[in-house]
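Residues 1 to 259 (UniProt numbering) make up the sequence shown, in order.
Don't be surprised by glycine CBs; every beta carbon is placed ideally from N, CA and C.
Note that the structure is predicted; figures quoted are calculated from it, not measured.
Taking it in order: structure first as C-alpha cells, then the write-up.
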Amino acid sequence: MERVLLRLVLVAALPALLVVAWWYASDGSTDIYWPPLRTILSTFPDVWTGERLREDVLPSVLRLSAGYACAAVAGVALGTVIGSYRRVRAVCEPVLEFLRAVPPPVLVPVIMLFAGIGDTMKVVVIASGCVWPILLNTVEGVRAVDSVMSETARSYGITGVARLRYLVLPAASPQIFAGLRQALSIGIILMVISEMFAASNGLGFTIVQFQRGFAIPDMWTGILLLGLLGFVLSVVFRLVERRALGWYHGARDASRRSS
C-alpha cells in the first residue's frame, strides 16, 4: 500500500508543480494571448458543456478510435506477413521506408481528393499515420522470435495458424504494444490536424474557431481538454497493456528480483 501511495505522489508531483508554476507565472498577465490560468479554468465549464462535449469531443474520439483500430489491424496483419517471410521483407522494405518518410499531414489534400471532406477522410488520415509504428514494430517483433522456440514448434508439428497464435504473436506482443503506444500519440495529433481541414465539428475545428474569433481563453480550454484526453487514453492503454502482457511483466519482474 505504501508503495502504491508513493508511486501516486511521484506521478502527481510534476503535474502539480507545473500547474502551480503556470498559475503564478500568468497570474498578473494582461496579455490577450496569455491569459491567467485562473481565467482559463473559470472559462472551462462554461465552454465545455454537455452539448459541446457531445457535438465536438465525441465525434473526435470516434474518429480517433476508428482510425486507430484500422491502423492496428492493418499494421499487425501486414507486419506479421512481412516479418515472417524474408523474400516479402526484401521486396517491401524499400517501399515501406519511402512511404514512412512522407509526413501524414502532407497527404491530407491528396486524401481529400479521394475520400472527400467527411469523416472518412479524417479516419484515413489518422490511420495513415498510426499504421507505421505498429507495422514496423510488428515486423521487428516477428523477426526476433527465438529460433530455438521456432525449431521446437516445427519439430512438434505446430505450424500455420497454431504457430501464429501460440508462438509468433505472443512472442512479438511486447514489440507490438510498443508500436501501439507510439501510434496513440500520433493518432491524437492527426485527429486534430484532420479536423482543421473542411470540418464542421471536432476538437481541432473548435479550437481553430476560437482562435479565429479571438476567444483566447476558450482556445486555451480546448488545448487543456486535448491534454486531458491524451492523459486519459494513455492511462486506459497502460491498463490494457498491463493486463494483456501480464505474463511478460511478471517474468521480467521475477528476473529482476532474482538478479
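Nearest neighbour of W22, chosen from R242, R238 and W220 [CA to CA]: W220
CB F205 to CB E195, shorter than 7 Å? yes
Check for me: the alpha helix (DSSP H) holding I207 runs from which residue to which? L203 to R212
Nearest-angstrom Cα separation, counted from F44 out to T30: 19 Å
Would the segment 142-151 and the segment 77-87 be scored as touching if the rule is three or more Cβ pairs under 8 Å? yes
Can you list the alpha helix (DSSP H) stretches of 4 or more residues lying completely in the segment 130-157, in chain order? 147-155
Using alpha carbons as the reference points, say which of R212, S26, L190 and L239 lies closest to I126. L190
Check each candidate in T120, G129 and G116 and name the one with the smallest Cα separation from V102. G129
State the DSSP-derived secondary structure class of W220, mapped to helix, strand or coil. helix
Nonlocal neighbours in the same chain, by C-beta distance under 7 Å from P104, ignoring five residues either side: V125, S128, G129 and L190
Between the CA atoms of A153 and F114 - distance to the nearest angstrom: 45 Å
How would you label G160, buried or exposed, when you count the other beta carbons within 10 angstroms and need 16 or more for buried? exposed
Contact the segment 129-138 vs the segment 176-188: 3+ CB pairs below 8 Å: yes
If you draw a straight line from the C-alpha of T120 to the C-alpha of A198, how long is it? 12 Å
Whole-angstrom Cβ separation of L171 and D146, contact assumed at under 8 Å? Note on identity: in this sequence residue 171 is Ala, with Leu being the wrong assignment. Indeed they touch by this definition, with Cβ atoms about 7 Å apart.
Below 7 Å CB to CB, which residues in the same chain sit around G222 once its five sequence neighbours on both sides are set aside? L203, T206, I207 and F210
Please confirm if A74 has its CB atom under 7 Å from at least one CB of chain C. The structure shown contains no chain C, having only a single protein chain.
Rounded to the nearest angstrom, how far is the Cβ of R54 from that of V123, given a contact under 8 Å? No, R54 and V123 are not in contact; Cβ-Cβ is about 19 Å, not under 8 Å.
Measure the C-alpha to C-alpha separation of P133 and T49 and round it to an integer number of angstroms. 35 Å
Three-state class that DSSP yields for I186 in the structure shown: helix
Between which two residues does the alpha helix (DSSP H) holding L58 run? L58 to S84
Residue range of the unbroken alpha helix (DSSP H) whose run includes D46: L37 to V47
For a test of the three-state rule: what should DSSP assign to D27, helix, strand or coil? coil
Taking a contact to mean a Cβ-Cβ separation below 7 Å, would you say T80 touches P217 in this structure? no
Which term fits S173, buried or exposed, when burial requires 16 or more other beta carbons within 10 angstroms of its beta carbon? buried
Please return the same chain residues whose Cβ sits closer than 7 Å to the Cβ of W34, not counting the five positions on each side in sequence. S26
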